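Note sheet for the following structure.
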Amino acid sequence: MTTATRPRVPRGIEYNLGFFVRLGLLLGVLGGIGAATLPAIPILGYGLLAHHDSITSYVAWLFGWCQHSELVSEGIYGCGQYGLPVPLFEPAVVMQRVLGLVGLGRPPKVTVDYVVAIIASLILLHFVVISVTLIIYILRKVIGYMQARLGPMRVGPKGILQTLIDAVKLLAKEDTIPGTADKVMFTLAPVVVFIPALLVYVVVPFGDSKGFIARDLNIGILYVVAMSSITVIGIILAGWASDNKYALFGAMRAAAQLVSYEVPGVLVVLGPVIMAGSLGMRDIILAQKGGVTEWFIWSPVPLVGFLVYLISSLAETNITPFDLPEAESELVSGYNVEYSGMKFGLFFLAEFANSFTVCFVAAALFLGGWYAPPVFKLAAGLTLALSVGLCWIELPFLLRWALAASALAVCLGMPDHGWGSLYWMMLKASGLQFLTMWIRATYPRVRVDQLMEFAWKGLIPISLVYLAAVGLWAAINQK
Amino acid sequence: MTNDELQQPLADSFGALTNLRVDRGILIADAPAAQLPELARGLRDDPRLKFNYLRCVSGVDPGEGKLRVAYHFMSMDLLHQLCLHVNVPRDDARIPTLSKLWGTAGWQEREIFDLFGVTFEGHADLRRILLPEDWDGHPLLKDYGYHAEGRGLFTETQVEKGLLPGPEEEAKQKEKQARAEASAAGAPAASAAPGAADGDAQPERPARDPNRPRKEPRKLGEPPRT
Amino acid sequence: MPKTEALQINMGPQHPSTHGVLRVILQVDGEWITSAEPDLGYLHRSFEKLGEMRTYINYLPLTDRWDYLSAMNNNLVYVMAIEKLLGIETPERCQWLRMILSELQRIASHLVFVGTFGLDVGANTPFLYCFRDREKILDLFEEFCGARLTYTCMRIGGLCGDAPDSWIEGVENFLNYLPPMLDELNALLTGNEIFIQRTKNVGVMSPELAISYGASGPFLRGSGVKFDIRKAQPYLKYPEVDFDIPVAENGDCYDRYICRFNEMWESLKIVRQCLDKLPDGDVQAKLPKTIKPPPGETYTCIESPRGELGVYMISDGTEIPYRLKIRGPGFVNLSVFPELARGWKLADVVAILGSVDIVMGEVDR
Numbered sequence: 000m001t002t003a004t005r006p007r008v009p010r011g012i013e014y015n016l017g018f019f020v021r022l023g024l025l026l027g028v029l030g031g032i033g034a035a036t037l038p039a040i041p042i043l044g045y046g047l048l049a050h051h052d053s054i055t056s057y058v059a060w061l062f063g064w065c066q067h068s069e070l071v072s073e074g075i076y077g078c079g080q081y082g083l084p085v086p087l088f089e090p091a092v093v094m095q096r097v098l099g100l101v102g103l104g105r106p107p108k109v110t111v112d113y114v115v116a117i118i119a120s121l122i123l124l125h126f127v128v129i130s131v132t133l134i135i136y137i138l139r140k141v142i143g144y145m146q147a148r149l150g151p152m153r154v155g156p157k158g159i160l161q162t163l164i165d166a167v168k169l170l171a172k173e174d175t176i177p178g179t180a181d182k183v184m185f186t187l188a189p190v191v192v193f194i195p196a197l198l199v200y201v202v203v204p205f206g207d208s209k210g211f212i213a214r215d216l217n218i219g220i221l222y223v224v225a226m227s228s229i230t231v232i233g234i235i236l237a238g239w240a241s242d243n244k245y246a247l248f249g250a251m252r253a254a255a256q257l258v259s260y261e262v263p264g265v266l267v268v269l270g271p272v273i274m275a276g277s278l279g280m281r282d283i284i285l286a287q288k289g290g291v292t293e294w295f296i297w298s299p300v301p302l303v304g305f306l307v308y309l310i311s312s313l314a315e316t317n318i319t320p321f322d323l324p325e326a327e328s329e330l331v332s333g334y335n336v337e338y339s340g341m342k343f344g345l346f347f348l349a350e351f352a353n354s355f356t357v358c359f360v361a362a363a364l365f366l367g368g369w370y371a372p373p374v375f376k377l378a379a380g381l382t383l384a385l386s387v388g389l390c391w392i393e394l395p396f397l398l399r400w401a402l403a404a405s406a407l408a409v410c411l412g413m414p415d416h417g418w419g420s421l422y423w424m425m426l427k428a429s430g431l432q433f434l435t436m437w438i439r440a441t442y443p444r445v446r447v448d449q450l451m452e453f454a455w456k457g458l459i460p461i462s463l464v465y466l467a468a469v470g471l472w473a474a475i476n477q478k
Numbered sequence: 000m001t002n003d004e005l006q007q008p009l010a011d012s013f014g015a016l017t018n019l020r021v022d023r024g025i026l027i028a029d030a031p032a033a034q035l036p037e038l039a040r041g042l043r044d045d046p047r048l049k050f051n052y053l054r055c056v057s058g059v060d061p062g063e064g065k066l067r068v069a070y071h072f073m074s075m076d077l078l079h080q081l082c083l084h085v086n087v088p089r090d091d092a093r094i095p096t097l098s099k100l101w102g103t104a105g106w107q108e109r110e111i112f113d114l115f116g117v118t119f120e121g122h123a124d125l126r127r128i129l130l131p132e133d134w135d136g137h138p139l140l141k142d143y144g145y146h147a148e149g150r151g152l153f154t155e156t157q158v159e160k161g162l163l164p165g166p167e168e169e170a171k172q173k174e175k176q177a178r179a180e181a182s183a184a185g186a187p188a189a190s191a192a193p194g195a196a197d198g199d200a201q202p203e204r205p206a207r208d209p210n211r212p213r214k215e216p217r218k219l220g221e222p223p224r225t
Numbered sequence: 000m001p002k003t004e005a006l007q008i009n010m011g012p013q014h015p016s017t018h019g020v021l022r023v024i025l026q027v028d029g030e031w032i033t034s035a036e037p038d039l040g041y042l043h044r045s046f047e048k049l050g051e052m053r054t055y056i057n058y059l060p061l062t063d064r065w066d067y068l069s070a071m072n073n074n075l076v077y078v079m080a081i082e083k084l085l086g087i088e089t090p091e092r093c094q095w096l097r098m099i100l101s102e103l104q105r106i107a108s109h110l111v112f113v114g115t116f117g118l119d120v121g122a123n124t125p126f127l128y129c130f131r132d133r134e135k136i137l138d139l140f141e142e143f144c145g146a147r148l149t150y151t152c153m154r155i156g157g158l159c160g161d162a163p164d165s166w167i168e169g170v171e172n173f174l175n176y177l178p179p180m181l182d183e184l185n186a187l188l189t190g191n192e193i194f195i196q197r198t199k200n201v202g203v204m205s206p207e208l209a210i211s212y213g214a215s216g217p218f219l220r221g222s223g224v225k226f227d228i229r230k231a232q233p234y235l236k237y238p239e240v241d242f243d244i245p246v247a248e249n250g251d252c253y254d255r256y257i258c259r260f261n262e263m264w265e266s267l268k269i270v271r272q273c274l275d276k277l278p279d280g281d282v283q284a285k286l287p288k289t290i291k292p293p294p295g296e297t298y299t300c301i302e303s304p305r306g307e308l309g310v311y312m313i314s315d316g317t318e319i320p321y322r323l324k325i326r327g328p329g330f331v332n333l334s335v336f337p338e339l340a341r342g343w344k345l346a347d348v349v350a351i352l353g354s355v356d357i358v359m360g361e362v363d364r
């Protein structure tokens, strides 16, 4: 045989300048976010413990601006109690001194709003990134266990670091743009898809206090729906700018699917809005006070609204059985086929962030938000305990059931105000997220025309009937 | 119907079939190329025969200046089979197509065209199916020379890179072999296989050392020797 | 007035759904397919030419590579052709064991079909369940002949070795293990509303079209034609075993899937009967020192999981075949595909291609 020289094949990651630049960027961004928000968390927590009504009043107190009586009478800052013992240092005094040095005695309200906005958005970004990381890992593990296999196991103990390493891998990849693609649109598309996914979190209520919601807009749910619609534009941009037939196909399918399924989703969401009499998220949850029977999943028309909302949001966020735009076995990944590296990562970040948001919104609208009546506490506790005890077979028997018992105890004991409300909200959202993962593992994919048929001939009539029924009920009961 | 019972209706209605014989349980007949479509249609429509299933269309290179296409028919209802051999001269290998009667003949005839070079007249889409479109030559012919013919895109590149001998070198190798064979007077041919040793530019293996003991093969269930 | 243009899409040789290296050139008008032409030859390894250059025994390992998902059947048809040419009969025990191996291989191949068909349609989970069950069969094969995919197990005149008692027990355990798993797969796929919607009335093939295009196996039986080589031209000991041939009426993808699924149940029945009737004795017939069949030709065919796998072998009296033609069921079944795919949507093309159940090794040879 001829002894031709073999070409040199690089093994593993190529450590060149581009890799280190991107790694530095990743670490810098993560470090920056961490540095910015990690101190914010205990500060925020302390502020909430101090029973401030909102981040605004807390920041105002922090900077020592509340102490001015005219601001209290203006009612702008809405200060609650202050003067609680400061643990280590007096941030208010320090801030005042620092700002005094710089020459800013008492900045105008608009600066406070900016500071509040920056802190809140950093906290939300932190939350989104960490929750998506966890969700992706849990998704792979859950689907793995449902498919009689283990899921990620190698990277870190039990594969915990898998998503982080995937992020590093995506950053280390070459950022290719097809030669004939529209460069500006190509780069813009993932941004247009990701940013709205992040923006929706502004009105999501994580708990009962005003400190748990970044901005309790009085058009809360309308804002959620509006932001979710912008994703379609990003997907179409991605498909068109890639200059690839498969991508275009995926984008066309996605546009048809997302636009069709928005209609039943929005119609059904109006049910809780009518019952609560307000578009604001907190108001809708407050209207479900008083027991499991008050929840909007049962209240006027049982289950219809919730199921229609769940199905249409599965379709909105491209989850199997509605993941045609990314159908792997047909169009080899659809609209994001030409994307590599972090742009690709942003698409997936957006998809998972969206899916988690939808779970929060569904929990808020239909499952009573942060309220946990005793019946529900028992049911949730038992479900959690049994699933940990029966399914988590990696752990030894005693440890497993000890964890199950402690889960039951926690659920029964957790109050539903204050930090407890955060617990219940997260529990409900995570339960719904697990349900979507379960559906993802089970069902085959629906074909495009069957999808459209189902939306227009199935879900929309049902949601119209539902809306009419709720409206009738509300009119009769004059709620 | 058994093969004996089949001979009668075939002799009656299909006189064009000659040389009926049974080989290893299958009835074989020779058919002339020109009348093949009518014969096949008759075989299919005859209620005693009902050969509605064209199983296999194969090309054979029997040498002696001809090419042969063998059609295997079967009846799904009456469960008997028949094989037709159609012989055509090698330099004028044309057979009327059966693809209008059976859809399966479409691809199978394309394959025979690809590998043997038999042209099927009346075929709607006669082009190469397994080999690339720009391939030269028909590989399953017995006198197919691997490197001289069939140069597609890849053989050219390999010659350029020096991984395959080019046509001049092959001619030289062939000369050397012819001289070696002529000098070994009276020695029988290396093997009956056509083309078995042509073109393999491999070095000679050293002869087996008679003093080295042979190892017995391991039996099923025995543990492996370490 | 704006005109729409037909788009030419290449479902290229590298594609998650084309079951190997198959290139399909699609002409698409919106989502509707106007033409679907397969382009073969990416896996053409010139098996037929190699057959003219190797002795009968030397060629045997190559037969595994034709249809690598059901290699036992490839071995079987090749070895049966040589035995027919030589005119020798294999002993009883060998024939029963060959039947067991062949039917177990049929179950393994159909499990792969069910898994990959589900995957084509979008269901990710049954694929893994099928492969987990297939592992049990592959473990049995490994215990018997040492290999998991390319066995070279059937030899001329017999088998590579005899089956120890522990292996027979293993087969019995497997026969008890599989039925609940098949029920689970049934629940996951067959009864699933979305699966039925994706496959019912999709890619309908009439029986006349099927027979004209030479379709065979479950592909043919899905259209209502009750034709199975095991009953029509029996080989081995199939006449002495009691089994049914699943046939369906409509000829759509769902029916073909049902045919193959039910064939797994029938294979379980056959293996159970074989185990009951398995005699003792030798597994290897007496062979001459060199395999030199007398000159002549034969066409031997068996029912492989994909259809009618046939070998047309011409011997010229030497120890090397003169012509070895392989009639691959995938090649012939795939020729109908352009007719079936026309007029359907892009997503249906994948379902139809999946229901043909091809393995490129035997399509391209």
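These protein sequence lines are chains A, B and C, in that order. Just so it is clear: in the first sequence, position 58 is 57 by numbering that gives the first Met the number 0, and no numbers are missing. Just so it is clear: in the second sequence, position 122 is 121 by numbering that gives the first Met the number 0, and no numbers are missing. Just so it is clear: in the third sequence, position 235 is 234 by numbering that gives the first Met the number 0, and no numbers are missing. Don't be surprised by glycine CBs; every beta carbon is placed ideally from N, CA and C. These numbers were taken from a predicted model, which means no experiment stands behind them.
Point to revise | Buried/exposed call for Asp448 (chain A), threshold 16 Cβ in 10 Å | key: exposed
Review point. At a CB-CB cut-off below 7 Å, which residues of chain C make contact with Ser262 (chain B)?
Key: Absent from the structure is residue 262 (chain B), since the part of chain B shown begins at 0 and ends at 225.
Review point. Beta carbon of Ser222 (chain C), beta carbon of Thr103 (chain B): below 9 Å?
Key: no
Check your understanding: What does Met145 (chain A) reach in chain C if we use C-beta pairs closer than 7 Å?
Key -> Thr124
Point to revise | Min CB distance Tyr245 (chain A) to chain C below 9 Å | key: yes
Review point. By how many angstroms is the C-alpha of Tyr442 (chain A) removed from the C-alpha of Ile122 (chain A)?
Key: 36 Å
Practice item. For Arg364 (chain C), decide whether its Cβ has a neighbour in chain B, counting only Cβ atoms nearer than 9 Å. Key: yes
Check your understanding: From this set, C:Thr289, C:Val78, C:Asn191, which residue's C-alpha is nearest Arg122 (chain C)'s C-alpha?
Key -> The amino acid at residue 122 (chain C) is misidentified as Arg; the sequence shows Ala. Checking every option, the nearest Cα to that of Ala122 (chain C) belongs to C:Asn191.
Point to revise | Reduced DSSP secondary structure (H/G/I, E/B, other) of Trp31 (chain C) | key: strand
Practice item. Name, please, each residue of chain C whose Cβ falls closer than 7 Å to the Cβ of Asn51 (chain B). Key: Ile210
Practice item. Under 9 Å between beta-carbons, which chain B residues line up against Val365 (chain C)? List them in chain order, please. Key: Any answer about residue 365 (chain C) is impossible in this case: the structure gives chain C only from 0 up to 364.
Review point. Mind pulling the chain B residues with CB within less than 9 Å of Thr298 (chain C)?
Key: The sequence shown places Tyr at residue 298 (chain C), not Thr. Arg23, Ile25, Arg54, Cys55, Ser57, Ala69, His71, Gln80, Cys82, listed in chain order.
Exercise for review: Step through the CB atoms of chain C and report whether any lies within less than 9 Å of the CB of Val192 (chain A).
Suggested key: no
Practice item. From the DSSP output, in three-state form, read off Pro204 (chain A) for me. Key: coil
Point to revise | Integer-rounded CB distance, given that Asn243 (chain A) should sit under 8 Å from Pro177 (chain A) | key: 7 Å
Point to revise | Val59 (chain B) (DSSP reduced to helix, strand or coil) | key: strand
Practice item. For Arg89 (chain B), decide whether its Cβ has a neighbour in chain C, counting only Cβ atoms nearer than 9 Å. Key: no
Point to revise | Stretch pair the stretch 372-389 of chain A + the stretch 202-214 of chain A: three plus CB contacts closer than 8 Å | key: no
**Study point:** Contact list for Glu307 (chain C) against chain B, beta-carbon separation under 8 Å
**Key:** Arg54
Check your understanding: If you measure from the beta carbon of Asn191 (chain C) to each beta carbon in chain A, is any gap under 9 Å?
Key -> yes
Point to revise | Nearest-angstrom Cα separation, counted from Ala186 (chain C) out to Cys55 (chain B) | key: 39 Å
Point to revise | Within chain B, the residues that Gly169 (chain C) reaches when beta carbons sit closer than 7 Å | key: The contacting residues do not exist; Gly169 (chain C) stays about 14 Å from chain B at best.
Point to revise | Cα-Cα separation between Val199 (chain A) and Asp38 (chain C), rounded to whole angstroms | key: 48 Å
Exercise for review: Determine the extent of the alpha helix (DSSP H) in which Val387 (chain A) is found, giving its start and end residues.
Suggested key: 373-390
Exercise for review: Establish whether the CB of Leu114 (chain B) and some CB of chain C are separated by less than 9 Å.
Suggested key: yes
**Study point:** DSSP three-state assignment for Ala10 (chain B), whether helix, strand or coil
**Key:** helix
Check your understanding: Hey, out of A:Leu124, A:Ile392, A:Leu16, A:Ile137, whose CA is closest to Met436 (chain A)'s CA?
Key -> A:Ile137
Check your understanding: In terms of alpha-carbon separation, which member of C:Phe226, C:Gly353, C:Cys144, C:Val170 lies closest to Gln272 (chain C)?
Key -> C:Val170
Practice item. Look at the alpha carbon of Ala92 (chain B) and the alpha carbon of Ala33 (chain B), and state the distance between them as a whole number of angstroms. Key: 12 Å
Check your understanding: Can you list, in chain order, the residues of its chain whose CB lies under 6 Å from that of Asp113 (chain B), leaving out five sequence neighbours each side?
Key -> Arg127, Ile128, Leu129, Leu130
Check your understanding: Counting only beta-carbon atoms, is Val71 (chain A) nearer than 9 Å to chain C?
Key -> Since pLDDT at Val71 (chain A) reaches only 35, below the 50 mark, its modelled position is unreliable, and the value read off the structure follows with that caveat. Chain C, which has no Cβ nearer than 9 Å to the Cβ of Val71 (chain A), makes this no.
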